[in-house]
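Chemist:
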Amino acid sequence: MARTLVLWALIMAAFLGKYDGLSLCNINQEGLVACKPAVTKPNPIDPSADCCQALNGANLTCLCSYRSSPFLPALGIDPDLCMALPAKCDLQTPANC
Ligand SMILES: *[C@@H]1O[C@H](CO)[C@@H](O)[C@H](O)[C@H]1NC(C)=O
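Letter by letter, the sequence shown follows residues -21 to -1, 1 to 76 in mature numbering (1 follows the signal peptide of the UniProt record, and there is no 0).
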């Protein structure tokens, strides 16, 4: 009985940890999912309204800092497409990006 509870606690911790790990520069998991088709090669689509809304609240400076990290490709995101995304949503891309 107690063991089951411990197991549940571990599963929940893993789940929450994963969820946290998937939120990126104030873009939550929902936003990432909405933007994914727009930043995935070889056939990116124009960002959806949901994606642009998520980007609107995002820290784009933070996003820029991921440009040359292996983190974005690890998520299946193409860095170049990702950096072009704010402009496609009529948002200002940070100058030093
Ligand atoms: C955005 O991210 C940058 C780099 O991670 C950080 O220095 C800055 O404080 C953040 N800005 C906001 C508004 O959270």
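Virtual Cβ for every residue (Gly too), placed ideally from N, Cα, C. Bear in mind that the values here come from a model prediction, so they are computed numbers and not experimental data.
Count Cβ pairs between the region 22 to 32 and the region 43 to 53 that sit closer than 8 Å; are there 3 or more?
Modeler: no
Chemist: Going by DSSP in three states, Leu3 sits in which element: helix, strand or coil?
Modeler: strand
Chemist: Between the alpha carbons of Lys(-4) and Lys67, how many angstroms are there, rounded?
Modeler: The pLDDT assigned to Lys(-4) is 49, lower than 50, so where the model puts this residue is not dependable; a value taken from the coordinates is nonetheless given after this. One C-alpha to the other measures close to 29 Å.
Chemist: Among Leu3, Leu34, Asp29, which has the Cα closest to the Cα of Ala63?
Modeler: Cα-wise, what sits closest to Ala63 is Leu34.
Chemist: Relative to the alpha-carbon of Cys30, which residue among Ala13, Thr19, Ala74 has its alpha-carbon at the smallest distance?
Modeler: The shortest C-alpha separation from Cys30 is found at Ala13.
Chemist: Relative to ligand 1, what is the chain-ordered list of residues with a Cβ closer than 6 Å to any of its non-hydrogen atoms?
Modeler: Asn38, Thr40, Cys41, Ser44
Chemist: Please confirm whether Leu54 and Ile6 have their CB atoms less than 9 Å apart.
Modeler: no
Chemist: Does DSSP put Gly10 in a helix, in a strand, or in coil?
Modeler: Helix at Gly10.
Chemist: With DSSP collapsed to three states, give me the class of Gln71.
Modeler: coil
Chemist: Going residue by residue through the region 14 to 57, where are the continuous alpha helix (DSSP H) segments of at least 4 residues, counting only ones entirely within it?
Modeler: 28 to 35, 39 to 43, 50 to 53
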